[in-house]
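Peer 1: Its first residue numbered 0, the sequence shown is counted upward by one per residue in numbering that gives the first Met the number 0. We put the CB at the ideal spot given by N, CA and C, even for glycine. As the structure is a computational prediction, the values presented were derived from the model and not from experiment. Quick one: the structure is below, and I'll ask about it shortly.
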Amino acid sequence: MRRAVISCVVAAAVSAGVAHAQGAPLKIGVFDAQRISEETAEGKRIQTQLSGFRDKKQAELQAKERRSATSRPSSRTRRCRSRPRSARRSRRTCSGRPST
């Protein structure tokens, strides 16, 4: 975005220099991007497309959050997974720190 703005400013400056050198009056065009997106058919189509994409991604995120919340027990109900003593390399507590 920043690069685009800088390139537009440079292009305007270069064209202003060329117009000044030719003796022609300087003309600058301005447009309202929000108004264009709200009032034109193409702008409305793109807004609809973006809204659909946003809704789809938001639904995916909510589904992931629900799966994550249901698959992981709360911290109060978590238990240590006990392995047979022969499989343990060292005695550890649930927190992963060596027991004393």
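For Gly-28, report the span of its alpha helix (DSSP H) as first-last.
Peer 2: Locating residue 28 in the sequence shown gives position 29, counting from the first residue. That residue, Gly-28, is in no alpha helix (DSSP H); it is neither H nor E in DSSP.
Peer 1: Could you spell out the range, first to last residue, of the alpha helix (DSSP H) harbouring Thr-47?
Peer 2: Position 48 of the sequence shown, counted from the start, is the residue given in the question as residue 47. That run of the alpha helix (DSSP H) goes 40 to 70.
Peer 1: Using the C-alpha atoms, what's the distance from Thr-39 back to Gly-22?
Peer 2: Walking along the sequence shown from the start, residue 22 turns up at place 23. Walking along the sequence shown from the start, residue 39 turns up at place 40. Answer to the nearest angstrom: the Cα atoms are 36 Å apart.
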